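A quick write-up on the structure given underneath.
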Amino acid sequence: MPKKKSKVKKQKSLKVTVTNPKTINSNFQFQGVGLSDDDLKKGKVLTTHWIGDTKYAWDQGVAIGKYLDGLKAGKILGVECHKCGRKMVPPRIFCEWCFKPIDNWVELLDTGTVNTFSLCYVTWDMQRVKKPLIPAVIEIDGASKGMGIMHLLSEVDPKKVHIGMKVKAVWKLEKEREGAITDILYWKPIK
Amino acid sequence: MALKERLTKKSEAKAWYGDMPVESLYTVGIAGEKFFRAIKDDGIFLGTKCKKCNIVYVPPKIYCERCFEKLEEYIEVADCGSLESFTCVHIGLDGKRLENPIFVGLIRLDGSSTCIIHKLGETTVEELCIGMRVCAVLKPKKEREGSINDILYFKPTKE
Amino acid sequence: MNDRVAIIGIGATQFRSISPDVSYKELMFEAAVKAYEDVGINPRKDVDTFVTCAEDYIEGTSIFDEYVPDQLGAALKPMHTITGDGLHGIASAFLQIKTGRFDVAVVEAHCKPSNMLSPDGIEACGQDPIYNRPLKLNTHFIAGLEMNRFCYETGITFDQCAKVVIKNRKNALNNPIAGRSAKLTLDDFQYADGVSCPLTELDVAQPVDGAVVIVLASEAKAKALVKDPIWINGIGWCNGTPSLESRDWVHLDYVTKAAEMAYKMAKITDPRKDICFAEIDDRYSYKELQHMMALKLCCECGAGQCIDRGATEINSEFPVNPSGGALGMGYLYEATGLARLYSACEQLRGNAGKNQLKCAKTALVQGWRGLPTTSTVVAILSSQGGCNG
Amino acid sequence: MGNRVAIVGAGMTKFVRRAQETGKELSYHATKMALESCDMTLDQIDAVVLGTAPDTFDGVHMKGEYLSDGAGAWGKPYMRSYVGGGTGVFSVAQGWYHIASGLIDTCIVVCEEKMSSYRPHPQGAFLTIFDHTTERPLKPNLLWIFALEMNRYMHTYGLRKEDIALVAVKNKNNALDHPCAQIAKAVTVKDILNSEVLAWPVQRLDVSPVSDGAVALVLTNESIARRVTNKPVWVEGCGWALDTTYWTNRDLCYPRYVEEAARMAYKMAGVTDPRHQIHIAEPYDPFDYKELHHMEGLMLCGKGEAPQLTVDGVTQRDGELPTCPSGGLLGVGNPIAAAGLMKVAELFWQLRGEAGKRQVARKVRRGVAQAWGDLMQVGTVVVVGI
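Chains as they are written, first to last, in the working numbering: chain A, 1 to 191; chain B, 1 to 159; chain C, 1 to 389; chain D, 1 to 386.
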């Protein structure tokens, strides 16, 4: 191993350069070698490849555990802070604004209002799809105003989706539910 | 207590399973390109030298990590050197015990200030000792692909 | 120079090998409430800035920063992540308070290693992707190489390393939050499986789940809020090289530099004399000895003799890791340094129960970020309340 | 109250879609250039601050440690901060508190991102920013949250896509003058409205590209700044705020966390009337509507008013409030953390009158840079002045 060099002593005896500092003129060569996708595909530059082994089992704990149990039973559960009175979803065991523990559970409805939405033509890894996915934030009926969750809309003409649209959850069959957010298949408009 | 509500039944304690899908393709960089091309094409080891700090980096860096000089001069070092340390690894990347433990060495090639990490082969645990001479065994030229695995392992030599 | 900085509140959960009854948010909330109650503050009103220490791969979430504020009471307040040991977070909070623009700062770190199903695969992602990772080796190999070289060059024996483990796990027996206490003998090491020889499974600190929250304050605020604050007299942090290839495998100059920075600030000239005890990183058995050397905490006869003579036992010449260290309390990834700090504070307050030292006025706390890094933090703490033996 | 902190040097690499250099090498180039720009050497630097966003991009766990030697951290105090996309601007705040504490005299702030390592597409790395239990099973992508936010913003204030597209036109055209720009191509509103729909209302040209790159600044205390340059740019104020994780419980039409961060920075800088006291702005613009959203959060105009300012040309380089004269993320490129720091570097060059072809028309003495990140959650703001 290289012998460690003597301790770097701070040299604060800086040169006084009150000349005009270097400006970046048009000839300045910035560093950085750009490659094309082809350079990589055809092996014009050397690369190493890695697929990570990164698996987890996240403990659901009290709040999310009960939320998922509720979904399995076909219910959307929320919590209520009796200090500020907010009814919240997804549930948590603390009120982030009052900073106090809460465990007043409330059953919410499985209907709601579209707060915002998108018509998405690409998958998570940028593959194009023909029929758009319609992610939305849905404010859940029974919770305080503005309390929404992210989910998907379906059984609707994409052109007709609008903010303020009333929707209802479409559940998986009871025996197929597993205690997951996907126990709700999607939300559809209420006629 | 911090939490008002607690789980009290073992059956209530559940987990959600998932992963972080990570697949990466890393370019080996400017210095890496020189280093691996030299092994791949010529079977030689290159380093960069910082004249100011008198350090030869193998594998090379385009900068001296100590004084931050730009290093552009590549010099060849030997493919043999001394074993600075070694270990016998019994656990695999999956956390399971390996059937065949792997010998790994810290090798300082002659002419280099730094060490290369690689496997040790053609040797036994009795034979290995710190300070012994080892040499690189490369893959046959046509099988080399420009990676650290173009070196198969280092083996002890009697010089 | 601005005023001093103090630690005024501490909170920690139990450290347990698994914690299936709480989510990570609930775990953090518990530690936070304990720390705030320790001082009697409301984070929504009384805290000016928050720091959390976490790494994405350990959590299994990219930009883990997102999931932190609510359970700490930090929502819509200044909060940021330092991807470092919990003690890096302390350094960050220290600097922020020193600017004179923040009075109360909170530092959080936690860990749920039981939720990592492939910890070895996850840790391997920390190796250099070009020169090291293609060899497909378990990351512990680095410790094996280092231990072998370290013992070869210093003459420290593997038995002496084992004695570190015996000492620390024994100390943990009396630590109510420790998760890895045990009564071991040297014989047990003969039957221990090798991990990366000479490193055995007993030489490696085993992971535990837990969270620690620390509240810091400016001098004026500390005096107003609590009776005996713990002062941070000095703090230093430093990196070596991340490359395995170009590092020194025996002498940890980055630890020495960090210590020098902290000693200078705390006006410590003879660490063994000026400091009562140390809580330092012992992720691997030999690391405690290697860190002691770099921190200049060994007696003249060397680190090996120190441990043979029992000089680092509780109430001996210079107690090291009276809490049980990471070997005895468990390894908490980013929270490990805060666990050391928490334990040192308990000593300085005279709250360490059966493990309480006679001399506990000044403490050194050190953290290391684990393999393959060369990244460390050293802090010097003192209290008025601690006994002086 | 603390010490004054100055920016005295800046450096950056080109922003490219795929760099051959490793992340360490990119960091080195930017850092070296920053040091040379103020005639300083590494041994004159006390500490190093690094900013970089998700580890999954570079594909390295503990990425901060991995990059440290390239950032010049050997044997030095070194810390990496991380607030998602807000990291780039936050790293300047981190450098500020290092020096303002009085403990550190000189420090380098380095930001790096190498997104191209991620396979099959860097956008995939964003799947794991969502809640693992309640959101990830729906297979979300990053575009969703932007599209959801943009739609809410447009709906609340009755905005038209044509007006929002003007931002992309302005920034992409501004980038034609940036020597490091990844996409130097003139576009029109028509091009943008005709570009492929990704996630309505977001279209291809509303979005900044993924990039590799690095940027570095040199920060010093006042006395050293006076010795190394006659044109120090002062860090007058810093602010940051992180909103609640529960983004589906918030109204996405307005970034209140940016406002909180801005209030903190303005207070420190003594800015009481941002509309008049701020002369130039580099708000975060990963998507075109984001620039508008952030101008409102920065209180440079009223809620829902930013599009009109753009229509009126106020935010052009020759306008009253030049905004993203660099070309922004939309034009120069978006190597997440590095892009944020590029904005502060741009203000550094603009305030010193060294921005070359990008130099704005009016005389500018104070500017604001801002970045945004996490789950539409964090605002980071830096006010600089001469």
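Yeah, the Cβ is synthetic: ideal placement off N, Cα and C, and Gly gets one too. Here the structure is a predicted model, which means the values were calculated and not measured.
Check, Outcome
"Proximal residues to B:R108 (C-beta, below 6 Å), its chain only, five neighbours per side dropped", "G81, S82, E84, C115"
"Cβ neighbour criterion (16 or more within 10 Å) applied to C:R133", "buried"
"Residue-chain proximity (B:M20, chain A), Cβ-Cβ < 7 Å", "yes"
"Distance, C:A54 Cα to C:G84 Cα", "7 Å"
"DSSP three-state assignment for D:A165, whether helix, strand or coil", "helix"
"Residues that A:L152 contacts on chain D, provided the C-beta gap is smaller than 9 Å", "L138"
"Which listed residue (C:G328, C:S343, C:V5, C:N168) has its alpha carbon closest to that of C:I307", "C:N168"
"Beta-carbon proximity check, A:I93 vs A:A73, cutoff 7 Å", "no"
"Per-residue burial, D:Q350 [other beta carbons within 10 Å of its own, 16 or more giving buried]", "buried"
"D:E320 (DSSP reduced to helix, strand or coil)", "coil"
"Start and end residues, alpha helix (DSSP H) containing B:I30", "29–37"
"Local conformation of A:N115 per DSSP, three classes", "strand"
"C-alpha gap between D:I386 and D:N174, whole angstroms", "24 Å"
"Contacting positions in the stretch 55–77 of chain A - beta carbon closer than 7 Å to chain B", "K55, Y56, A57, W58, D59, Q60, V62, G65"
"Chain B contact for A:V106 (CB, 7 Å cutoff)", "no"
"Chain-ordered neighbours of B:L93 on chain A, where CB pairs are closer than 9 Å", "D53"
"Exposure of A:Q11, with buried meaning 16 or more beta-carbon neighbours within 10 Å", "At A:Q11 the pLDDT is 43, less than 50, meaning the model places this residue with poor confidence; the figure from the coordinates comes in the next sentence. A:Q11 is exposed by the Cβ-count criterion."
"Local conformation of B:E122 per DSSP, three classes", "coil"
"Selection of the stretch 50–66 of chain B by Cβ proximity to chain C, strictly under 7 Å", "Y57, P59, E65"
"C:H88 versus D:K170 - alpha carbon distance", "41 Å"
"CA nearest to the CA of C:A379, picked from C:D21, C:Y342, C:R349, C:R180", "C:Y342"
"Alpha-carbon to alpha-carbon, C:M293 and C:T362", "19 Å"
"Interface partners of C:V106 on chain A, CB under 8 Å", "In chain order: nothing, as chain A lies at least about 12 Å away."
"Beta-carbon neighbours of D:V387, restricted to chain A and to distances below 9 Å", "With chain D represented from 1 up to 386, any question about residue 387 of chain D goes unanswered, as that position is not in the structure."
"Closest by C-alpha distance to B:E122, when choosing among B:E145, B:L106, B:L152, B:G131", "B:L152"
"For B:N149, three-class secondary structure by DSSP", "helix"
"Identity of the residues DSSP links to C:S196 by a beta bridge", "B:V89, C:L199"
"Sequence-distant residues of the same chain with beta carbon closer than 7 Å to D:K24, five excluded per side", "L67, D69, G70"
"B:F103 at chain D interface by Cβ criterion, 7 Å", "no"
"Best match in D:A34, D:L26, D:C38, D:L35 for proximity to A:V33 [C-alpha to C-alpha]", "D:L26"
"Within chain A, partners of D:Q123 - CB distance below 9 Å", "V122, W124, D125, M126"
"Three-state class that DSSP yields for C:D393 in the structure shown", "The first residue shown for chain C is 1 and the last is 389, placing residue 393 of chain C beyond what the model contains."
"Interface residues of chain B facing D:H178 [CB-CB closer than 8 Å]", "None at all; the shortest Cβ gap to chain B is about 23 Å."
"D:P255, enclosing alpha helix (DSSP H) - first and last residue", "From DSSP, D:P255 is part of no alpha helix (DSSP H); its letter is neither H nor E."
"Within 7 Å, strictly: CB atoms of C:V107 and C:V51", "yes"
"Contact list for B:T114 against chain C, beta-carbon separation under 7 Å", "E245, S246"
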